[in-house]
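A.B. asks: Numbering (my numbering), first residue to last: 1297 to 1504. The beta-carbon is built from N, C-alpha and C at its ideal position, and this holds for glycine as well.
This is how it looks when you write it as structure tokens:
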């Protein structure tokens, strides 16, 4: 993974500027904000909800996926983010994003914003896709680390297939994770029990 940190300011008072830069560089919060998330913090394919054909995985990769994350475009920050993509030989797919915020209050705010985006997703999508149908459900909390929450979203464009997604949002300290699972179908086809286990596993590994 590649990390790039850049920044330069013209120094009028050289010694004072150097002292300020040294203070910022040595700040625990500043260091935590750019510290990469290790591979051990991510799920592997065997921890995703059961699929008879098994899972493939790619990652973790620094940053967000190239395509916007459904329901969370503009909510997930690029800074501090890494992700792993999952897929099967059929239509089932998944994603895990971890964001290292460097600050527990900031992490809590991000988790709250992600939960709100998940809860609003069906209504927001309907506004952008008139004539379609959508539904959602709140599947409750997962007790692990600093807590997690699961939401389900079903979307059906006119004259097109049904799609269902499960979203899990959780936090451990300064880190926030979003776990996404999706396939064709409706909310009745969503493996909520298996996904709860997946989110609990993700939260258990988040601090690694």
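What do you get for residue 1484, buried or exposed, if any count of 16 or more other CB atoms within 10 angstroms of its CB means buried?
C.D. replies: By 1-based counting over the chain shown, the position of residue 1484 is 188. Burial call: exposed.
A.B. asks: Do residue 1494 and residue 1403 have their C-beta atoms closer together than 8 Å?
C.D. replies: Here residue 1494 is taken as the residue at index 198 of the chain shown, counted from 1. Here residue 1403 is taken as the residue at index 107 of the chain shown, counted from 1. Their beta carbons are not under 8 Å apart, which means residue 1494 does not touch residue 1403 by this criterion.
A.B. asks: Take the Cβ of residue 1455 as the centre, count every other Cβ of all protein chains shown within 10 Å, and call the residue buried at 16 or more, exposed below.
C.D. replies: Here residue 1455 is taken as the residue at index 159 of the chain shown, counted from 1. Exposed: under 16 other Cβ atoms inside 10 Å.
A.B. asks: Using DSSP with H/G/I as helix, E/B as strand and the rest coil, what is residue 1492?
C.D. replies: Sequence index remark: in the chain shown, residue 1492 carries index 196 (1-based). Correct three-state label for residue 1492: helix.
A.B. asks: Does the Cβ-Cβ distance between residue 1467 and residue 1407 come in under 8 Å?
C.D. replies: Mapped onto the chain shown, residue 1467 falls at position 171. Mapped onto the chain shown, residue 1407 falls at position 111. Against a cut-off of 8 Å, the Cβ pair of residue 1407 and residue 1467 comes out as a contact.
A.B. asks: Tell me which residues share the same chain as residue 1371 and place their Cβ nearer than 7 Å to its Cβ, disregarding the 5 neighbours each side in the sequence.
C.D. replies: Along the chain shown, read from residue 1 onward, the residue named residue 1371 stands at position 75. Excluding residues within five positions, the ones whose Cβ falls inside 7 Å are 1409, 1410 and 1413.
A.B. asks: Could you tell me which residues DSSP pairs with residue 1344 in its beta bridges?
C.D. replies: As a first step, residue 1344 is located in the chain shown; it is residue number 48 there, counting from the start. Beta-bridge pairing links residue 1344 to no other residue.
A.B. asks: Tell me which same chain residues have a C-beta within less than 8 Å of the C-beta of residue 1346, skipping the five on either side of it?
C.D. replies: Position 50 of the chain shown, counted from the start, is the residue given in the question as residue 1346. Answer for residue 1346: 1487 and 1490, listed in chain order.
A.B. asks: Compare the Cα-Cα distances from residue 1459 to each of 1379, 1432, 1502 and 1398 and report the closest residue.
C.D. replies: Counting from one through the chain shown, the residue named residue 1459 turns up at place 163. Per the Cα distances, 1432.
A.B. asks: So who's on the other strand from residue 1461, going by DSSP bridges?
C.D. replies: Locating residue 1461 in the chain shown gives position 165, where the first residue counts as 1. DSSP lists 1449 and 1478 as partners of residue 1461.
A.B. asks: Using the C-alpha atoms, what's the distance from residue 1422 back to residue 1452?
C.D. replies: Here residue 1452 corresponds to residue number 156 of the chain shown, with the count starting at 1. Here residue 1422 corresponds to residue number 126 of the chain shown, with the count starting at 1. Computed Cα separation, rounded: 9 Å.
A.B. asks: Taking 8 Å as the threshold, find out whether the segment 1383-1392 comes into contact with the segment 1337-1352 through three or more Cβ pairs.
C.D. replies: They touch, by the three-pair rule.
A.B. asks: What did DSSP end up calling residue 1473 once you bin it into helix, strand or coil?
C.D. replies: If you number the chain shown from 1, residue 1473 lands on position 177. Residue 1473: strand per DSSP, three-state reduction.
A.B. asks: May I ask which residues mark the beginning and end of the beta strand (DSSP E) holding residue 1433?
C.D. replies: As a working note, residue 1433 is residue 137 in the chain shown. Note, residue 1433: beta strand (DSSP E), 1429-1438.
A.B. asks: Secondary structure at residue 1388, three-state DSSP: helix, strand or coil?
C.D. replies: Indexing the chain shown from 1 puts residue 1388 at position 92. Residue 1388: coil per DSSP, three-state reduction.
A.B. asks: Within 10 angstroms of its Cβ, does residue 1503 collect 16 or more other Cβ (buried), or is it exposed?
C.D. replies: Numbered from its first residue, the chain shown carries residue 1503 at position 207. Exposed, since its Cβ has fewer than 16 Cβ neighbours within 10 Å.
A.B. asks: Tell me whether residue 1419 is buried or exposed, calling it buried when 16 or more other Cβ atoms sit within 10 Å of its Cβ.
C.D. replies: Walking along the chain shown from the start, residue 1419 turns up at place 123. Under this definition residue 1419 is an exposed residue.
A.B. asks: The alpha helix (DSSP H) spanning residue 1353 covers which residue range?
C.D. replies: By one-based count along the chain shown, residue 1353 stands at place 57. Not the alpha helix (DSSP H): residue 1353 falls in the beta strand (DSSP E), residues 1352-1358.
A.B. asks: Please state if the CB of residue 1462 and the CB of residue 1448 are separated by a distance shorter than 8 Å.
C.D. replies: Taking the first residue of the chain shown as 1, we reach residue 1448 at position 152. Taking the first residue of the chain shown as 1, we reach residue 1462 at position 166. Yes.
A.B. asks: For residue 1468, list the residues DSSP reports as bridge partners.
C.D. replies: Against the chain shown, residue 1468 aligns to sequence position 172. Answer is 1471, bridged to residue 1468.
A.B. asks: Rounded to whole angstroms, what's the CA-CA distance from residue 1333 to residue 1445? Just pull it up for me.
C.D. replies: As a working mapping, residue 1333 is identified with position 37 in the chain shown. As a working mapping, residue 1445 is identified with position 149 in the chain shown. Their Cα atoms are separated by approximately 22 Å.
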